[in-house]
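K.L.:
Numbering (the UniProt record's numbering), first residue to last: 1 to 426.
Yeah, the Cβ is synthetic: ideal placement off N, Cα and C, and Gly gets one too.
If you're wondering where the values come from, they're calculated on a predicted model, not measured in any experiment.
Encoded as structure tokens, here's the structure I'll be asking about.
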């Protein structure tokens, strides 16, 4: 997984009085969103100056990911590299948050006793309190509880720049796929109140945001309570966001095939601001493997969902997730995945070799596919996806596409994001 340094907004008039913060983010877009929320929150408590150098920081935070084993171990590797900073300056506060923190808890302190704070995805809003408690009591603090909606209720307004913004609308997962740690690290599905989401997006629009990406582990499972006590589903939320003045494009991620309802499919026909792109993880094209993964659908059901989406929005771009080498995967199972890819045609995909995660049902299965075979299958799958993406890109030559200028490129003058999730430079 890529790690990202998240921008912090500063008040240059009194910058010398401000404390420096270093945040390293691993994993998904939800973690990126959470890191931005941490910086917004900590800004109110004097941590307003970003540094890319942990040696300069007053506060060092790692926002972690536990989906892949390598991402988890990289966190402990990074902690080992900054151990000397704590020895040189005991006043530095070091915190570990995110899904590794939620999964490991106090075990992080056993492996890295110089860490001051351990907090989960659902308790990042308590970060200032945990920092103060550590300073006042001198003891490391651990809070990896699941207070559900409290996190959403405690967030400060976002500080934004540029034309795009993430908006978290729900947290957690209740699907319990056999290979996945998310339900155990982020909890079960909890949706934000309907009006709260709309108010945040309206505020973002008033601050110049043109495109919003609605975030959730299973974003299309959203079911938020309205002010009159009714429940609003994801399709209704899309309809209301579509009516907010100033918002010109709407994206969402990540969705689940089981939650892709007819109403959501029809939204692509009725809501022109909804970008012609969907990320819909399939994981495998083999019904036998999908059943072992506990995904809750068959390959033909997945293909039917894509068919309905493309009927509503011809030319819809599709990306997906794939896991190769899942326990018990045969050559025939893998070929069924290749066949599904060939039939659907994907613009891009995130593909991984199966990574055993402790505590998941799949961790009890015999990981019987040799690594060399897993690697060969991954490379074959990625070659096919790359070929399809290239063919789709070539087919668009000579067409007119609406673009959104996002920022200045290091190489060229402007960097833009195409409507079908392609980055171009001018």
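Check whether the Cβ atoms of residue 172 and residue 217 lie closer than 9 angstroms to each other.
P.N.:
The answer is yes: Cβ separation under 9 angstroms.
K.L.:
Considering Cα atoms alone, identify which of 204, 30, 40 and 56 is closest to residue 120.
P.N.:
The shortest Cα separation from residue 120 among 204, 30, 40 and 56 belongs to 30.
K.L.:
Can you give the Cα-Cα distance for residue 48 and residue 23, rounded to whole angstroms?
P.N.:
Those two C-alpha atoms are separated by around 12 angstroms.
K.L.:
Going along the chain, which unbroken runs of the beta strand (DSSP E) with 3 or more residues stay wholly within the stretch 54–86?
P.N.:
Qualifying beta strand (DSSP E) stretches, in chain order: 59–64.
K.L.:
If you count every other CB in all the chains shown that lies within 10 Å of the CB of residue 252, and 16 or more means buried, which is it?
P.N.:
Classification for residue 252: buried.
K.L.:
Return the chain-ordered ranges of every alpha helix (DSSP H) run that is complete within the stretch 322–385 and spans a minimum of 4 residues.
P.N.:
With a minimum length of 4 residues, the continuous alpha helix (DSSP H) runs that stay inside the stretch 322–385 are 331–344.
K.L.:
Taking three-plus beta-carbon pairs below 8 angstroms as touching, is the stretch 161–181 in contact with the stretch 82–93?
P.N.:
With the cut-off at 8 angstroms, the stretch 161–181 and the stretch 82–93 do not touch.
K.L.:
Beta-carbon within less than 6 angstroms of residue 72's beta-carbon, same chain only, minus the 5 sequence neighbours each way: which residues are those?
P.N.:
66 and 100, listed in sequence order.
K.L.:
Determine the extent of the beta strand (DSSP E) in which residue 282 is found, giving its start and end residues.
P.N.:
Neither: residue 282 is in no beta strand (DSSP E) and is coded neither H nor E.
K.L.:
For residue 63, count neighbouring C-beta atoms within 10 Å of its own C-beta (all shown protein chains included) and say buried if the count is 16 or more, exposed if not.
P.N.:
That one is buried.
K.L.:
Cβ-heavy atom distance between residue 284 and the ligand NAD below 8 angstroms?
P.N.:
This structure does not include the ligand NAD; it has no bound ligands of any sort.
K.L.:
According to the neighbour-count rule (16 or more other Cβ atoms, all chains shown, within 10 Å of its Cβ), is residue 20 buried or exposed?
P.N.:
Burial call: buried.
K.L.:
Alpha carbon to alpha carbon, how far is residue 402 from residue 194?
P.N.:
Taking the straight line from one Cα to the other gives about 30 angstroms.
K.L.:
Run the CB neighbour count on residue 399, radius 10 Å, all protein chains shown included, and call it buried at 16 or more, exposed below.
P.N.:
The residue in question, residue 399, is exposed, as its Cβ has fewer than 16 Cβ neighbours within 10 Å.
K.L.:
What residue range does the beta strand (DSSP E) around residue 23 cover?
P.N.:
First-last of the beta strand (DSSP E) with residue 23: 19–26.
K.L.:
How big is the Cα-Cα spacing for residue 381 and residue 338?
P.N.:
Answer to the nearest angstrom: the Cα atoms are 7 angstroms apart.
K.L.:
Give the straight-line distance between the Cα atoms of residue 41 and residue 129, rounded to the nearest whole angstrom.
P.N.:
When rounded, the distance between both Cα atoms is 11 angstroms.
K.L.:
Can you check whether the C-beta of residue 237 is within less than 9 angstroms of a C-beta belonging to chain B?
P.N.:
Of the protein chains in this structure there is only one, and it is not chain B.
K.L.:
Please specify which runs of the alpha helix (DSSP H), each continuous and at least 4 residues long, are wholly inside the stretch 205–256, giving them in chain order.
P.N.:
The qualifying runs are 234–242.
K.L.:
Indicate whether residue 93 and residue 134 have their beta-carbon atoms separated by less than 9 angstroms.
P.N.:
For residue 93 and residue 134, yes; Cβs fall inside 9 angstroms.
K.L.:
Out of curiosity, what's the CA-to-CA distance linking residue 302 and residue 224?
P.N.:
Distance between the alpha carbons of residue 302 and residue 224: 26 angstroms.
K.L.:
Compare the beta carbon distance of residue 238 and residue 264 with 9 angstroms and say whether it is the shorter of the two.
P.N.:
Yes, these two residues count as a Cβ contact at 9 angstroms.
K.L.:
Reducing DSSP to helix, strand and coil, say where residue 165 ends up.
P.N.:
Of the three classes helix, strand and coil, the one that applies to residue 165 here is strand, per DSSP.
K.L.:
From which residue to which residue does the alpha helix (DSSP H) around residue 103 run?
P.N.:
That run of the alpha helix (DSSP H) goes 98–104.
K.L.:
Mapping the DSSP letters down to three states, classify residue 397 as helix, strand or coil.
P.N.:
Coil.
K.L.:
Under the three-state reduction of DSSP, which class applies to residue 197: helix, strand or coil?
P.N.:
It is helical.
K.L.:
When the Cα atoms are used, what is the spatial distance from residue 161 to residue 321?
P.N.:
Cα to Cα, residue 161 sits roughly 30 angstroms from residue 321.
K.L.:
Quick check: residue 215 and residue 242, are their CB atoms within less than 9 angstroms of each other?
P.N.:
Cβ atoms of residue 215 and residue 242: not closer than 9 angstroms.
K.L.:
I need the straight-line Cα distance from residue 230 to residue 261, nearest angstrom please.
P.N.:
Taking the straight line joining both Cα atoms gives about 19 angstroms.
K.L.:
If the criterion is Cβ atoms closer than 9 angstroms, does the pair residue 327 and residue 354 meet it?
P.N.:
A contact, by the Cβ cut-off of 9 angstroms.
K.L.:
Which stretch, first to last residue, makes up the alpha helix (DSSP H) that contains residue 184?
P.N.:
That run of the alpha helix (DSSP H) goes 182–185.
K.L.:
Which residues does DSSP pair with residue 47 in a beta bridge?
P.N.:
Paired residue(s): 19.
K.L.:
Name the DSSP beta bridge partners of residue 190, please?
P.N.:
Looking at the DSSP assignment, residue 190 forms a beta bridge with 171.
K.L.:
Helix, strand or coil for residue 319? Go by DSSP, reduced to three states.
P.N.:
Looking at residue 319 - three-state DSSP - the assignment turns out to be strand.
K.L.:
What's the C-alpha gap between residue 280 and residue 257?
P.N.:
In a straight line, the C-alpha of residue 280 is about 6 angstroms away from that of residue 257.
K.L.:
With a 10 Å radius around its C-beta and 16 neighbouring C-beta atoms as the bar for buried, classify residue 97 as buried or exposed.
P.N.:
The residue is buried, with at least 16 neighbouring Cβ atoms inside 10 Å.
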